[in-house]
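Novice: What follows is a structure written as C-alpha cells; I'll ask about it next.
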Amino acid sequence: MADQDSGEVLGPCLSKEEERISEIIDAFKDTSILEKSHSESESVSFTSALEESDMELVEELDPVSSRAFLDRKMNSLPQLQETVGNLEITKSTSMTNSGNAKPIQRNIGGVEIYSALNPFSTTLSCLLIEPSESDIIEDEIRYIYLNQILSENEQLYLAKLRKYAKNHGYKFPHSIWIQALRFLASSRFHVQTALEMMLSNHEFRIKELPISEKDVMNDLKVGAIYWHGKDIKCRPILIVKLAKLDTFVGEIERIQKLLCFCLEFFLKYLQVAGRVENWNVIIDLAGKGITDLPIQVLKSVLSLVNTRYRMRLYRMFIVNCPKFINVVSNALVAAIPGSSVRKIRFIDESYSDEITSLVPLEQLEESYGGKCPNLTENFYPFRFYPMNELDQKFPNIHAIIPPEYISGISIEIPPRFDLTKLPWLSQIPNANFTKKTAEQLSQILGTEIKPKITTEDITNP
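Quick note on numbering: the sequence shown equals residues 1 to 461 in full-length UniProt numbering.
If you want it as C-alpha cells, here you go:
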C-alpha cells in the first residue's frame, strides 16, 4: 500500500521536475550566445573600397542630453599635435592633465559613481597582462575585440556593415561603432541583423543610461548581484544569488537596472581594452529547489547579459544546483546550443577544480571554494584584491590612467583605405597596446608603435 501511495505521489512530482528542467533549458536556448556559422553567414565577397566619407557619414559625435552618459566638454579644448613616424597624430588632452587629477571619463560606461572605488578595481596586473592566443580567440570565438589586429574576414564584414549603414541612411555614435564587430559576431555575421542589434543597443543606451549609483544603492546592499574578485587573467567575477533576488519579486525591471549598473561599471572601470574585455558569472541557486526556481528571473538575467552586452561572457558557473538538476546536467548542457555550451558549467557542492583552476583562492569567497570570507554585508563598493605584491604597491591606479586604456580602439583597416586617413590614428599615443599588437601595427603603418610592457609605461606615460 505504501508503495502504491509513494508511486502516486512520485508521478506528479517527476512531471513537475521535468517541466522545470524543460523551462530551464528553454531559458538557456532563448538567450544563448550565437556562434559564427559560415553556412548561415552572408558572403564575404565585398571588396569595394570604403572611402573616407563612408566612415564619417555613418559615425557621428555622441549626443549630449540629460540622459546621455558621454562627456563632450573636452572636444572644444585645443588639442596637441604629435608626430608618429610620418603620420601626424592628434594627442588627447586627457594625457596633459597636471598632477594626479583623475582624467575625465569619456565614452565609457553608463554609470554615475559617487563613492570611492575599491583601490584595486584596476591594477597593474590588469593593465599589463598579455593575453594568450586562446584568451583572444578560442574555438573560433573571439573574446577580445579592441586593440587587436583583426582578420581579413572581420575587416571585410566591418567595411560591409559601414557601407550598408551609409546606403540605408543610418548613423551611430562612436560608442556604438566601436562594438560593431561584437554585433556582427553575435549575429552570425549577418549585416542587416547586426545593424538591427546596433539600433536596439543605441536606443537602450539613450533611454536607460546613465544609471546613478544613488538610484540602486539600496538594492546593492541586498547582495543579490555584485562583483567580487578576478580570475587568473584579471576577468572579474559577477555573483548572482537567486534566493536574494526574492527581495525583488515581481520587479523584473528593478533587477535589470541593478544588473545593468554592475555591467556598465565593468565597462567604465574594469575593462582594459585589448587585455581584459570579458567577465565570469557565478549564478548561485542555494536555497532554491527545483520547483521554486524563479525561471523568469533567471531568464531575464541570462537575456540581459547575452543581448545588451554581447560577446562579453567568458564562463558562467551554475552552483548549488538542486540535486535533480545535477542528475540531468549533462542532458541540460547537451541541449544548450552553439558557443554557450563551452561557456556554461554546472558545478556540484564540491566545486572540484572547475572554479578554483580559473580563479585564485585569494580572489574567491569560501562558499565557492576560495579563501575570502563570505560576504554578508558591505557588498558595495565592490570587492577586488591585488593579484601580487606589485599591485599592492600601486593602489588606486585607476585615478591616473587615461580613459583610452579602458575604451580602446577598434582597429578597422578597410580594403584599399588610405592609411593616413584612418580615424583612430589620433588615439594611438594614448592607447595601451600589448607587445604583439604594437609589433603588428608598426609593420602595418610603417612606423614604430610602442607597447605598454613595464610598470613605468603605466605610471609614467
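Just so it is clear, CB atoms sit at the ideal spot from N, CA and C, and this is done for glycine as well.
Are the CB atoms of L245 and V297 nearer to each other than 8 Å?
Specialist: For L245 and V297, yes; Cβs fall inside 8 Å.
Novice: Given this structure, state the Cα-to-Cα distance separating K323 from Y114, to the nearest angstrom.
Specialist: If I take the Cα positions, the gap works out to 43 Å.
Novice: Please report the straight-line C-alpha distance between F120 and P395, rounded to a whole angstrom.
Specialist: F120 and P395: Cα-Cα distance of roughly 6 Å.
Novice: Residue range of the alpha helix (DSSP H) that K371 falls in?
Specialist: It is not in any alpha helix (DSSP H) - K371 carries neither H nor E in the DSSP assignment.
Novice: Would you report the Cα separation of K221 and Y380, rounded to the nearest angstrom?
Specialist: Cα to Cα, the separation comes out at about 7 Å.
Novice: Could you give the C-beta distance for W424 and I401, rounded to a whole number, given that I count them as a contact under 8 Å?
Specialist: 19 Å between Cβ atoms; not a contact.
Novice: In whole angstroms, what is the alpha-carbon distance linking R416 and L441?
Specialist: Approximately 16 Å, taken between the alpha carbons.
Novice: Taking L161 and A194 to be in contact with their CB atoms under 8 Å, please state how far apart those CB atoms are, rounded to whole angstroms.
Specialist: The pair is a contact, with the Cβ atoms about 6 Å apart (cut-off 8 Å).
Novice: Rounding to the nearest angstrom, what Cα-Cα distance links E130 and Y314 in this structure?
Specialist: Rounded to whole angstroms, E130 to Y314 spans 17 Å at the Cα level.
Novice: With a threshold of 16 other CB atoms inside 10 Å of the CB of V359, please say whether the residue is buried or exposed.
Specialist: Looking at its Cβ environment, which holds 16 or more other Cβ atoms inside 10 Å, V359 is buried.
Novice: Bridge partners of M316, per DSSP?
Specialist: Beta-bridge pairing links M316 to V281, I344.
Novice: How about the segment 137-151 and the segment 264-282: do they share at least three Cβ pairs that are nearer than 8 Å?
Specialist: The segment 137-151, when compared against the segment 264-282, does touch it at the 8 Å Cβ threshold.
Novice: Which residue comes first and which comes last in the beta strand (DSSP E) that contains H228?
Specialist: Here the beta strand (DSSP E) through H228 covers 225-230.
Novice: Hey, which unbroken runs of the alpha helix (DSSP H) at 4 residues or more fall wholly within the segment 240-299?
Specialist: Qualifying alpha helix (DSSP H) stretches, in chain order: 252-265.
Novice: Kindly indicate the opening and closing residues of the alpha helix (DSSP H) around N218.
Specialist: Per DSSP, N218 belongs to the alpha helix (DSSP H) from 213-220.
Novice: Who pairs with E236 in a beta bridge, going by DSSP?
Specialist: The question names Glu, but residue 236 is Pro in the sequence shown. Answer is K230.
Novice: List the endpoints of the continuous alpha helix (DSSP H) containing K436.
Specialist: 435-445 is the extent of the alpha helix (DSSP H) around K436.
Novice: Say whether the segment 229-238 touches the segment 361-368, bearing in mind that this needs 3 or more beta-carbon pairs closer than 8 Å, one atom from each stretch.
Specialist: Taking 8 Å as the limit for Cβ pairs, the verdict is that the segment 361-368 does touch the segment 229-238.
Novice: For E133, which three-state DSSP category applies?
Specialist: Looking at E133 - three-state DSSP - the assignment turns out to be helix.
Novice: Between which two residues does the alpha helix (DSSP H) holding C126 run?
Specialist: Where C126 is concerned, the enclosing alpha helix (DSSP H) stretches over 124-128.
Novice: Taking 6 Å as the limit between beta carbons, can you name the residues of its chain near N320, skipping five residues before and five after?
Specialist: Hits under 6 Å: D284, L285, A286.
Novice: How many whole angstroms separate the CB atoms of G110 and E264, which I take to be in contact at a CB cut-off of 8 Å?
Specialist: The pair is a contact, with the Cβ atoms about 5 Å apart (cut-off 8 Å).
Novice: Here's a check: name, in chain order, each residue in its chain whose Cβ is nearer than 6 Å to the Cβ of F248, leaving out the five neighbours to either side.
Specialist: The answer, listed in chain order, is R254, I255.
Novice: Using 8 Å as the threshold, is the segment 376-393 in touch with the segment 123-137, meaning 3 or more CB pairs across them?
Specialist: Yes: the two stretches touch, three or more of their Cβ pairs being nearer than 8 Å.
Novice: By Cβ distance, which residues of its chain are closer than 6 Å to L258, with the 5 residues on each side in sequence left out?
Specialist: Counting only Cβ-Cβ distances below 6 Å, and skipping sequence neighbours, we find V216, D219, I225.
Novice: Just the C-alpha distance for S22 and K171, rounded to the nearest angstrom, thanks.
Specialist: Cα to Cα, the separation comes out at about 41 Å.
Novice: Closest to G289 by C-alpha separation, out of L242, V305, E251, would be which residue?
Specialist: The residue with the shortest Cα to Cα distance from G289 is L242.
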